[in-house]
Structure formats: structure tokens, C-alpha cells
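Notes follow the structure.
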Amino acid sequence: MKRILLAFLVLFLLPLHPAEATPVQGYLNWSVLMCKFADRPGEPRDRLFFEELFTPVGAGQRGLHDFIASQSRGRATTGGTVVKGWFTMPYTWQQSKEAPRAERIDQCVRTVRAAGYTPPPEHRIAVMLNAGDIDSGAYGTAFLLDAHGWNSAWAVHEAMHTLGVGHGFSDDLTLKRYDWSQPGEYDDHWDVMSVDHIHHSRWSDKFGQGAIGFNAPRLDEVGWLPQNRVLTAGKDGQVTTSVQLAPIERQDLPGTLMVRVPYDVKNLNR
Numbered sequence: 006m007k008r009i010l011l012a013f014l015v016l017f018l019l020p021l022h023p024a025e026a027t028p029v030q031g032y033l034n035w036s037v038l039m040c041k042f043a044d045r046p047g048e049p050r051d052r053l054f055f056e057e058l059f060t061p062v063g064a065g066q067r068g069l070h071d072f073i074a075s076q077s078r079g080r081a082t083t084g085g086t087v088v089k090g091w092f093t094m095p096y097t098w099q100q101s102k103e104a105p106r107a108e109r110i111d112q113c114v115r116t117v118r119a120a121g122y123t124p125p126p127e128h129r130i131a132v133m134l135n136a137g138d139i140d141s142g143a144y145g146t147a148f149l150l151d152a153h154g155w156n157s158a159w160a161v162h163e164a165m166h167t168l169g170v171g172h173g174f175s176d177d178l179t180l181k182r183y184d185w186s187q188p189g190e191y192d193d194h195w196d197v198m199s200v201d202h203i204h205h206s207r208w209s210d211k212f213g214q215g216a217i218g219f220n221a222p223r224l225d226e227v228g229w230l231p232q233n234r235v236l237t238a239g240k241d242g243q244v245t246t247s248v249q250l251a252p253i254e255r256q257d258l259p260g261t262l263m264v265r266v267p268y269d270v271k272n273l274n275r
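Under my numbering, the sequence shown has 109 at position 104, and the numbering climbs by one with no breaks.
So, in C-alpha cells, the structure goes:
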């Protein structure tokens, strides 16, 4: 019941309209590029590890593929994702550390292209760096994970950014997680888009920190919530009503999955 109530209350914290972005459906393809620093030749994980983290090869092991398959209820898949590497970059750990994120990603992409692989234009980019204390984050349609970010939660969080999904927020305007973050940012504990500040589960020994699912408004945003199970309060002219809610994780059960409470009487989608 607590999970249902929190999913309901968070409606007040996110935009209350159906997904305005293109629904996240079909084949979601990434080129996962494994890059090593010139002065750090170690290969902490083999290619199979990343194939199992990102592609259907790891079905059942609770990586990115399983997250997308379960949360989208089969509407999307990572089936076209490929993993390439390892590639040795002509850059040291320090050179990469000092570079902006976009350049840090491009250092790996340039290296891979020089080695003979050009990511298809329809692919997003995922860069895996073989050492930690560098950076894990997204830039446009690309993201990178250093060696400290190789877990389900971070993989899901950053991959979703490349699909246009933003951070989670709470209504606590006094909270700032980081100097550069907005008030309430990273503070929705029931949404993986708050990453380090969510209710984690340990999905597996291999992928460590597990990724909690999306809340109801987030599922609606990416087009993964059946619209016939979303109730917009006041749409039928009634000012009071009783609603039976179903857990968003158990869509096989009867009931409404999300209640949208408009704040603009002229536009019930706001």
C-alpha cells in the first residue's frame, strides 16, 4: 500500500500530462564501446559482462535489457545493442579526467572509429572506461560509465537520459543534493532517475546495485502506461469520486494505475 500511495502522491511533483516526447518503443540500440587508458591497460571485465548488462544475452540477470523489457511490458527492447572492445585510447587517465564530459566520450568514440568500427547513425553511444574516479553521466544521446558505475542502477539511469528522460524530483525545495542541482532534484526515492537516492535492491551479485522501476508519471511520460487505466480527475465533471488503485508493478490486477489531478481547469492535461 505504501508503494501505491507514494506512486500516487508523486503525481504532484512531475508534469501531469501524457508523454509529450516520442514514446520509447521498439528497438533501443546502443553501441557499447569499451575503452582503456593509455597508462592503465587493465581489463577489469570482459566483453560478455557488458553484453549481459546491456543486451538480451543477459536476459534474466536484471541488467538494462531486463529493466526495459519489464517496465515497458514488451513495448521496447535492447535487441539491437552491440558491444565492442577493449580499445586502447591514446589518452592517459589524467588527460581524460581533465577533459569535459563530451570530449571524454568522444575520446573513446574517435579511438573506436580509428580501429575500424563506426557506430550506426541510429545507435546511441555508451562508453565504458576501464578505471574509476573519472565520471559517469550522459551528454545528449551518449553516456559513459567509469569502472565505479558498472551496476544496474547507473546503467539504467544514464541510458534513460539518452532517451530524453530527466531526473527525479521531490517537493522538498529546501534540499539540494549537489551544489549544481536544483531544489528537490534526485529526491524521488521511487524513481530510478534519482539514482543514488532511491530504494535500491541488490538485483544480482554480478550487477550489484539494483534499479528500482519508474513511478506512474514516469511510465506515462515514456508511453509505458495504458491510457485506459489512467484517470483524470474532473474530466467527467464529477468533483468527488472513489478510485480503486492497482500497483503499477502488477498490471495484471484490476484497477486504475494512475490518477492525474489537474491544476489548470482549462487544460486537464496540466
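Backbone N, C-alpha and C fix where the C-beta goes; we use that ideal spot for every residue, glycine too. Quantities reported herein were computed from a predicted structural model and do not represent experimental measurements.
On the DSSP letters alone, give me the boundaries of the alpha helix (DSSP H) that residue i sits inside.
{"i": "SER101", "result": "98-103"}
{"i": "SER186", "result": "Premise fails: SER186 is in no alpha helix (DSSP H) and is neither H nor E."}
May I ask you to report which of helix, strand or coil DSSP gives residue i?
{"i": "THR82", "result": "strand"}
{"i": "PRO20", "result": "For PRO20, the pLDDT reaches just 42, beneath the cut-off of 50, and the residue's location in the model is therefore unreliable, although a value from the coordinates is still provided. PRO20 falls in the coil class under three-state DSSP."}
{"i": "SER247", "result": "coil"}
{"i": "ALA136", "result": "coil"}
{"i": "VAL197", "result": "helix"}
{"i": "THR116", "result": "helix"}
{"i": "MET165", "result": "helix"}
{"i": "TRP159", "result": "helix"}
{"i": "ALA64", "result": "coil"}
{"i": "GLU48", "result": "coil"}
{"i": "PHE13", "result": "With a pLDDT of 38 at PHE13, under the threshold of 50, the modelled position of that residue is not reliable, and no figure is offered here."}
{"i": "LEU224", "result": "helix"}
{"i": "LEU38", "result": "strand"}
{"i": "GLN214", "result": "strand"}
{"i": "ARG106", "result": "helix"}
{"i": "ALA26", "result": "In this predicted model, ALA26 has a pLDDT of only 49, less than 50, meaning its place in the structure is not dependable enough to derive any value."}
{"i": "GLY90", "result": "strand"}
Would you check if the distance between the CB atom of residue i and the CB atom of residue j is smaller than 9 Å?
{"i": "ALA152", "j": "LEU134", "result": "yes"}
{"i": "LEU69", "j": "ALA164", "result": "yes"}
{"i": "VAL235", "j": "VAL264", "result": "yes"}
{"i": "GLY228", "j": "GLN30", "result": "yes"}
{"i": "ASP201", "j": "ASP177", "result": "no"}
{"i": "SER157", "j": "GLN214", "result": "yes"}
{"i": "HIS166", "j": "GLY137", "result": "no"}
{"i": "ILE130", "j": "SER36", "result": "yes"}
{"i": "VAL117", "j": "CYS40", "result": "yes"}
{"i": "ARG115", "j": "TYR144", "result": "no"}
{"i": "GLY173", "j": "ASP196", "result": "yes"}
{"i": "GLU233", "j": "PRO125", "result": "What sits at residue 233 in the sequence shown is Asn, not Glu. No, these two residues do not count as a Cβ contact at 9 Å."}
Rounded C-beta distance between residue i and residue j? I'm assuming under 8 Å.
{"i": "GLY218", "j": "GLU190", "result": "Going by Cβ atoms, the distance from GLY218 to GLU190 rounds to 19 Å, so no, they are not a contact pair."}
{"i": "PHE59", "j": "THR86", "result": "5 Å"}
{"i": "ALA327", "j": "LEU230", "result": "The structure shown does not extend to residue 327, since the chain spans only 6 to 275, so no value can be given for it."}
List the endpoints of the continuous beta strand (DSSP E) containing residue i.
{"i": "PHE72", "result": "No beta strand (DSSP E) contains PHE72, which is instead part of the alpha helix (DSSP H) from 69-76."}
{"i": "GLY171", "result": "Neither: GLY171 is in no beta strand (DSSP E) and is coded neither H nor E."}
{"i": "MET94", "result": "Here MET94 belongs to no beta strand (DSSP E), and DSSP marks it neither H nor E."}
{"i": "PHE148", "result": "147-150"}
{"i": "ALA143", "result": "142-144"}
{"i": "THR237", "result": "235-237"}
How do the stretch 38-55 and the stretch 86-104 stand: do at least 3 beta-carbon pairs fall below 8 Å, yes or no?
Here the stretch 38-55 makes contact with the stretch 86-104; the two share three or more CB pairs at distances below 8 Å.
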